[in-house]
Amino acid sequence: MKFTKMQGLGNDYVYVNCFEEKIDDPSALAVRISDRHFGVGADGLIMINPSDKADFEMEMYNADGSRGEMCGNGIRCVAKYVYDYGLTDKTQISVETLGGIKYLDLTVENGKVKLVKVDMGKPELEPAKIPVAADGDRAVNVPIVVDGQEYHMTCVSMGNPHAVIYVDCDVKELPLEIIGPKFENHERFPNRINTEFVRVLDRNTVEMRVWERGSGETLACGTGACAVAVSSVLNGLTENEVTVKLLGGDLQIKWDREKDTVYMTGAAEVVFDGEWKE
Numbered sequence: 001m002k003f004t005k006m007q008g009l010g011n012d013y014v015y016v017n018c019f020e021e022k023i024d025d026p027s028a029l030a031v032r033i034s035d036r037h038f039g040v041g042a043d044g045l046i047m048i049n050p051s052d053k054a055d056f057e058m059e060m061y062n063a064d065g066s067r068g069e070m071c072g073n074g075i076r077c078v079a080k081y082v083y084d085y086g087l088t089d090k091t092q093i094s095v096e097t098l099g100g101i102k103y104l105d106l107t108v109e110n111g112k113v114k115l116v117k118v119d120m121g122k123p124e125l126e127p128a129k130i131p132v133a134a135d136g137d138r139a140v141n142v143p144i145v146v147d148g149q150e151y152h153m154t155c156v157s158m159g160n161p162h163a164v165i166y167v168d169c170d171v172k173e174l175p176l177e178i179i180g181p182k183f184e185n186h187e188r189f190p191n192r193i194n195t196e197f198v199r200v201l202d203r204n205t206v207e208m209r210v211w212e213r214g215s216g217e218t219l220a221c222g223t224g225a226c227a228v229a230v231s232s233v234l235n236g237l238t239e240n241e242v243t244v245k246l247l248g249g250d251l252q253i254k255w256d257r258e259k260d261t262v263y264m265t266g267a268a269e270v271v272f273d274g275e276w277k278e
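Heads up: the sequence shown at position 88 corresponds to 88 in the numbering used here, and the numbers run straight through without jumps.
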């Protein structure tokens, strides 16, 4: 099976062109191929499929084999793959995901995709649709007790569920390997949760670390950065356009309140091409 390893701000996946390849058990393959000691090493597996609803379909599996609805960094890499590898010559494409159809604008330099702007769609704020167990029509700055400590969370879905937690310390000091799984598997999140730990630097800049359900800590999370931008506006902490600083680099996020959609702009890179044999 031919594959390409790609990364968006260090959020790396194994990409397979399923116009040419056939995968019988993608969940099991995702576990094997993602292993960083005995596999290729990745945050998961992304299959690029034909679609009867959009130009392409992105089928995503986390490193533990669970199905993922949407991945912001992953979908930018899908856009780069389909253009750079000749599946399309269009610089505006649509991609079907479990989180809905997303529309992407590609910036091309010297025949290769340099940046991708993604219309990530409307942020979902209704607790039952995220889902999270919370009262009211929004879960904004609501308390949650995790491992005996009280935090305040704002919950947003950008195709998959996120809980945003604000902290006063340098996010690099947080013991994510301890607290991340406790949030992920908390009883208030029936489908588990992705958790962003955020410090606001100024009205236009925040920094974050993320614990992703099914993958653990990753260097970047595109949907998480979008959720953080929306949450920060809802909490009155930032403007509608913000730079989100992640361990793997920066993303530019804009919540267009008039259109009620979130735009994410960032890079996508090819790491290497390879062949997987079993």
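A virtual CB, placed ideally from N, CA and C, is assigned to each residue, including glycine.
| Item | Value |
| --- | --- |
| Report the rounded CA-to-CA distance for Val118 versus Glu177, giving the unit in angstroms. | 30 Å |
| Just the C-alpha distance for Met120 and Glu241, rounded to the nearest angstrom, thanks. | 14 Å |
| Mind checking who Glu124 pairs with in its DSSP beta bridge? | Ser157 |
| Take Tyr103 and list the residues in its own chain whose beta-carbon comes closer than 6 Å to its own, dropping the five residues that flank it on each side. | Ser94 and Asp119 |
| Let me know the beta strand (DSSP E) ranges lying completely inside the region 124 to 150, each 3 residues or longer, listed in chain order. | 142 to 146 |
| In the DSSP assignment, what are the bridge partners of His152? | Pro143 |
| In the DSSP assignment, find the beta strand (DSSP E) that holds Thr88 and state where it starts and stops. | Counting along the chain, Thr88 falls outside any beta strand (DSSP E), and DSSP gives it neither H nor E. |
| Determine the DSSP secondary structure at Asn73, reduced to helix, strand or coil. | helix |
| If you draw a straight line from the C-alpha of Val167 to the C-alpha of Ile179, how long is it? | 13 Å |
| Between Ala28 and the rest of its own chain, which residues show a CB-CB distance below 7 Å, the 5 nearest in sequence each way excluded? | Gly65 |
| Do Asp43 and Tyr13 have their CB atoms nearer than 8 Å? | yes |
| If you check the beta carbons only, do Met70 and Gly111 fall under 8 Å apart? | no |
| Give the single residue among Pro50, Ile46, Val200 and Leu9 whose Cα lies nearest to the Cα of Val233. | Val200 |
| Just checking, does the region 224 to 239 make contact with the region 193 to 210 on the three C-beta pairs under 8 Å criterion? | yes |
| Could you check where the alpha helix (DSSP H) with Gly180 kicks off and where it finishes? | Leu176 to Glu184 |
| By the DSSP assignment, the beta strand (DSSP E) with Thr243 in it spans what residues? | Glu241 to Leu246 |
| Output yes or no for whether 8 Å exceeds the beta carbon distance between Met260 and Lys122. | A quick correction: the sequence has Asp, not Met, at residue 260. Going by C-beta atoms, Asp260 is nearer than 8 Å to Lys122. |
| Can you tell me where the beta strand (DSSP E) with Arg192 in it begins and where it stops? | Counting along the chain, Arg192 falls outside any beta strand (DSSP E), and DSSP gives it neither H nor E. |
| Any idea what DSSP makes of Arg32, helix, strand or coil? | helix |
| Identify whether Val40 lies in helix, strand or coil by the three-state DSSP scheme. | coil |
| Answer with buried or exposed for Asn160, where buried requires no fewer than 16 other C-beta atoms within 10 angstroms of its C-beta. | buried |
| Hey, Ile165 and Glu212: beta-carbon distance below 8 Å or not? | no |
| Alpha carbon to alpha carbon, how far is Glu126 from Asp137? | 5 Å |
| Which of the three DSSP states, helix, strand or coil, is assigned to Lys259? | coil |
| Mind checking whether Lys129 and Glu96 have CB atoms under 8 Å apart? | no |
| Give the single residue among Glu150, Tyr263, Glu184 and Glu207 whose Cα lies nearest to the Cα of Glu173. | Glu207 |
| Can you check which of these residues, Cys226, Lys114, Leu87 and Val40, is closest to Val304 by C-alpha distance? | Here the chain comprises residues numbered 1 to 278, so residue 304 is not present and cannot be evaluated. |
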